[in-house]
Structures are given as structure tokens and as C-alpha cells.
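Asker: In the numbering used here, the protein residues as written are 25 to 447. Sharing a structure below in C-alpha cells format, with a few things to ask.
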Amino acid sequence: MATGSARYVRYILVTFFILAVFYFVSNSADVATPLRTQVPKPTTNGQAGSASDVKNESPNSGKITTNYDASQYPMAMTPNDPGWNDLAGIKEGPRMNATFVTLARNSDVWEIAKSIRQVEDRFNRRYNYDWVFLNDKPFDEVFKRVTSSLVSGKTHYGLIPEEHWSFPEWIDQDKAAKVRQDMKERKIIYGDSVSYRHMCRFESGFFFRQELMMNYEYYWRVEPSVELFCDVHYDPFRFMHENKKKYSFVLSLYEYYETIPTLWDSVKKFIKNHPEHIVAGNSMGFLSDDDGDTYNKCHFLAQWSNFEIGSLTWLRSKAYIDYFESLDHDGGFFYERWGDAPVHSIAAALMLKKEEIHFFNDIAYYHVPFTHCPTGQKLRTALKCHCNPDDNFDWKGYSCTSKYFEVNNMDKPEGWDTEEKKD
Ligand SMILES: Nc1nc2c(ncn2[C@@H]2O[C@H](COP(=O)(O)OP(=O)(O)O)[C@@H](O)[C@H]2O)c(=O)[nH]1
Ligand SMILES: [Mg+2]
């Protein structure tokens, strides 16, 4: 009997031990293998995900339906949100069909290297979005080696077709040359440059329809020598998608009038010929102080900033293409020196609803000579920013950001008035 009950106790102990081991192993497996099921499957073209992977927008409902459960992967938008401090490793959850895009020359390699490093450190190392590089000349091996070693996603290198980087046939070459000479004498920055004009026309009308870009729906434009001063805690592409944003900015400014004297006349001609493209609830108040009669020269994408996160689908729409073609035929890219900054901004302000444009206060950015350093000391600390708040341009006299807030009836971020006094 004694032997029988000892065996019985032994069975119980062994069973208990096996259960304990099983419990321990299964629990540690949960920790070691976090849920990764929602990262979209790679598609045949090797991109991070395709349109159908991430969205199915129903045009009439006014709501976006997605095939991922956004609530399962909440984005930490503020320091109080769960997961705010989770900045290690690859971020779980969906990816948008999006890419970084850079137009550059081979000689820009070390300046773009600096920009990439900051974008990666502050954001993309956790998201691994792709990066498309575009150039009017073939990229050399050094450029490809350096940039591909720094980007955590896939890199793609595109050669711009000549018809996107040359004078269209309707441009009078003599007239254009005279303009350049005149602007040179008047010392207008880039006034005598042909390549700068090709660049502005390309960024206005062609970058979004390059073959490599056709694979994507959203872009984040990055230039050589820019800085990203704060951590980006959430995916701005996903923010754009889930909030139906089509265009965004961090710095806004008055344009240099001498470069665009007839741009507004051209815009007015387009408005008259294509009233169907001008949406109700637009931001005309941001562009004009007299209901569209004259342009107040405000634009979102400062010529000296070139920060943009936006929708490629919108830029490829008939509305935008009609707009670009109308402007392009008027010749101001060559007979004046129209920049892509006012061209994109005017389009966004007239052909998008107000609420489709977003100001990213929390993305800190520098492009010589302007800085956007987020307003709000608590926010800057939470974002581990390394910019000097005194450098923030937002509330200074030559910025249009106050106007944007007024037009949208939005409250300015806490601290805007005290920070303004430090001018
Ligand atoms: N491939 C190429 N890129 C250019 C050329 N000119 C300017 N860029 C790029 O276009 C962008 C804007 O040019 P940048 O010189 O920074 O002009 P700014 O920002 O208006 O002063 C940058 O990304 C440049 O690298 C060019 O002739 N060829
Ligand atoms: Mg630049």
C-alpha cells in the first residue's frame, strides 16, 4: 500500500512538473515571438504592400474601410497613448503603400546621406519604407552604394526621361534666354539657371508619374541637407491614409514675387476653364485676401523647405494633371521661374478640401534657412527634439502658418504665443 501511494504521489508530482514546464515555455514563447501577422505580404513587384493590401476606399460612404484592424494596432499619437515609448525594433502592424522620394545629383551623395541617416534614426528604421531616387543623369556606383547602405527599406534608382527634363516645344528659346539674362542682372536667386527650371517643372508635373513611383500611393519627399530634429512615434503615412489627408506641410512662407509675377493670372485662367476641379470647402482664404482676385503669395511648401508628405493618387488625378498642363502651356516655368512650391500649394488649396491638408506640428524639420521646431515644450521633450525652439519659424511675421490656423478655425498649439515673443 505504502509503495502504491508513493507511486501515486510521484505521478502527481511529475504531472505537476510537466504542466509547470509547459506553462513556462508557452508564456516565454509569447514574449519571444510577438504577433507579426499584420505586416502586409510582399507583392510581386517587391514593394512593402499594394493598394489592395491596405485599403479599400468606398467613395460614397465618406469612411475609409481598411482590411487591417486599426484598433488592433493603435498608433501612439501623444505621449499619453500606450506604446509611446516603444521605439525599439521593427514596428508591428500595417504598412501603407508608400515611399520616400528624392531628386538628386550624384554630387549630392554626402548631403543626402546626412538626410537619410536622420530620417532612418528618427523614423524609418522601425518601418522600413522604400526609397526612390530620381536623377536626370544615371546614378553612379558611389551614390547607389552609400544610399542603399543607409536605407532600411528597398532602394530604387530611376533615370528621368528627357521629355520630363527639357524645354517643351511651345517654349520660345530666345524669350526664355532673355528672361534668364534679365533675372541674372537683377540678382534673382537661381534666376539664370536652366537646370533649376527643369527641376521645378519636373517636381511640379512629373515626379509622381515616373515609372518607379507608379507602384506607390503616398510619398514623403526628402532633400539633401535637411534635418529631422525629433522622433517620429507613429507612421505619418498611415495617419494620412486613415484621416483622408492628401497633402501636408511643416513650414509655410510668402513666395518671392519676382519669380512668379503672372502665376496667379494663369491660375485664374485655369479656374475659369475648369470650374469642375475647384472643390467646395477649399482653402482659397489661405491664398488670397480678396476672394481670389489677387494672390497673397502664401504657400505650404516653402521653396526653401521642400518637405511634403502627400498622396500620389491625388497628384495623378485628372484635376491635378489638367492644372499642371494648363500652367505648363502658359510657359511660366521658363518665362519666369515658377517654383514647385507655389504650384503644389495652390493646387492643394483649391482642389482639396480644407480638412484634406495637414500641418505636422510634431515633425521637426530644417532646410536652410528655415526651421520648424514643434511648438510646446512638453511635446519637444517627449519627442526628444534637438532643435532650438527660438529658431521655430511658424509664428514669425514672414510665415503663413498663422493664416493657415485662422482659415481652418484651428487653435494654435499651446505655447505659440509665448514662443513668439522670443523673436
Ligand atoms: N538630378 C538633379 N537634381 C537636381 C538638380 N537641381 C536640383 N536638384 C535637386 O532638386 C532639389 C532642390 O534643389 P536645391 O538645389 O536644393 O534647390 P532649393 O532647395 O530650391 O534651394 C534637391 O533635391 C536637389 O538635389 C539637377 O540639375 N539634377
Ligand atoms: Mg534644397
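Even glycine gets a Cβ: it sits at the ideal position worked out from N, Cα and C. The structure displayed is predicted, hence computed values, not measured ones.
(1) How big is the Cα-Cα spacing for Lys296 and Asp354?
(2) Which one of Ala388, Gly421, Leu374 has the shortest CA to CA distance from Thr405?
(3) Could you spell out the range, first to last residue, of the beta strand (DSSP E) harbouring Leu158?
(4) Could you check which residue in Met375, Lys408, Thr425, Asp352 has the C-alpha nearest to that of Phe230?
(5) Could you check if Gln96 is buried or exposed, using at least 16 other CB atoms within 10 Å of its CB as the buried criterion?
(6) Closest to Glu332 by CA distance: which of Phe124, Gly117, Tyr92, Lys115 is it?
(7) Please determine, among Lys402, Gly421, Asp418, Val431, the residue with the shortest C-alpha to C-alpha distance to Ile381.
(8) Mind pulling the alpha helix (DSSP H) runs of 4 or more residues that sit fully within the segment 265 to 318?
(9) Kindly examine ligand 1 and report whether one of its heavy atoms sits closer than 8 Å to the Cβ of Thr123.
(10) If you compare alpha carbons, which of Tyr278, Asp317, Phe273 is closest to Val291?
(11) Please specify which runs of the alpha helix (DSSP H), each continuous and at least 4 residues long, are wholly inside the segment 379 to 408, giving them in chain order.
(12) Looking only at C-alpha atoms, which of Leu311, Asp259, Leu236, Asn239 sits nearest to Pro114?
(13) Within its chain, find whatever has a CB closer than 6 Å to the CB of Thr337; leave out the 5 residues flanking it on each side and keep chain order.
(14) Quick check on Val63: does DSSP put it in helix, strand or coil?
(15) In three-state terms, what does DSSP make of Met434?
(16) For Asp447, which residues in the same chain have their Cβ closer than 7 Å to its Cβ, ignoring the five residues on either side in sequence?
(17) For the alpha helix (DSSP H) containing Thr337, name the first residue and the last one.
(18) Count the other CB atoms, across all protein chains shown, that sit within 10 Å of the CB of Ser76; report buried if there are 16 or more and exposed otherwise.
(19) Tell me, to the nearest whole angstrom, how far the beta carbon of Tyr281 is from that of Tyr422; I am working on the premise that it is less than 8 Å.
(20) Thinking C-alpha only, which one of Asp418, Asn385, Glu144 is nearest Met101?
(21) Would you check whether ligand 2 has a heavy atom nearer than 8 Å to the C-beta of His391?
(22) Buried or exposed for Thr283, please, with buried defined as at least 16 other CB atoms from any protein chain shown within 10 angstroms of its CB.
(23) Asn306 and Ala373: beta carbons closer than 9 Å?
(24) Tell me the rounded alpha-carbon separation between Phe417 and Tyr344.
(25) Where does Ala122 sit, in a helix, a strand or coil, going by DSSP?
(26) Considering only C-alpha positions, which residue in the set Asn104, Pro118, Lys377 is nearest to Asp93?
(27) Sorted by chain position, which residues of the same chain lie with C-beta nearer than 8 Å to Met207's C-beta, five sequence neighbours on each side aside?
(28) For the candidate residues Val274, Arg233, Tyr347, whose alpha-carbon lies nearest to that of Ile302?
(29) For Lys342, is the classification buried or exposed, using 16 other Cβ atoms within 10 angstroms of its Cβ as the cut-off for buried?
(30) Along the chain, where does the alpha helix (DSSP H) containing Leu183 start, and where does it finish?
(31) Contact check, Gly356 vs Thr286 under 8 Å by CB: the rounded distance?
(32) Determine whether the beta carbon atoms of Tyr359 and Lys211 lie at a separation below 9 Å.
(33) Is Ser176 closer than 9 Å to Arg141 when the C-beta atoms are compared?
(34) Which partner residues does Tyr242 have in the DSSP bridge list?
(35) Using the Cβ count rule (16 or more neighbours within 10 Å means buried), how would you classify Ser249?
Answerer: So, from the listed chains and residues:
(1) 15 Å
(2) Ala388
(3) Run containing Leu158: 154 to 159, per the beta strand (DSSP E) assignment.
(4) Asp352
(5) exposed
(6) Phe124
(7) Val431
(8) For secondary structure counted as the alpha helix (DSSP H) over 4 or more consecutive residues, the segment 265 to 318 holds these complete runs in sequence order: 287 to 297, 308 to 311.
(9) no
(10) Asp317
(11) 401 to 406
(12) According to the sequence displayed, residue 114 carries Ile and not Pro. Per the Cα distances, Asp259.
(13) Glu241
(14) Confidence in Val63 is poor, its pLDDT being 38 and thus under 50, which makes the residue's placement unreliable; the coordinate value appears in the next sentence. Here Val63 sits in coil by DSSP.
(15) In the three-state reduction of the DSSP assignment, Met434 falls in the coil class.
(16) In this prediction, Asp447 scores a pLDDT of 43, lower than 50, which makes its location untrustworthy; no coordinate-derived value is stated.
(17) 336 to 339
(18) In this prediction, Ser76 has a pLDDT of 32, which is less than 50 and means its spatial position is unreliable; what the coordinates show is noted afterwards. Ser76 is exposed by the Cβ-count criterion.
(19) That belief does not hold up - the Cβ atoms of Tyr281 and Tyr422 are roughly 13 Å apart, past 8 Å.
(20) Nearest to Met101 by alpha-carbon distance, out of Asp418, Asn385, Glu144, is Asn385.
(21) yes
(22) buried
(23) yes
(24) 29 Å
(25) In this structure, Ala122 counts as strand in the three-state DSSP scheme.
(26) Nearest to Asp93 by alpha-carbon distance, out of Asn104, Pro118, Lys377, is Pro118.
(27) Gly215, Asp216, Glu282, Arg361
(28) The candidate whose alpha carbon is nearest that of Ile302 is Tyr347.
(29) exposed
(30) Segment 179 to 183 is the beta strand (DSSP E) holding Leu183; no alpha helix (DSSP H) there.
(31) 6 Å
(32) Not in contact: Tyr359 and Lys211 (Cβ atoms no closer than 9 Å).
(33) no
(34) Ala122, Ser335
(35) Label assigned to Ser249: exposed.
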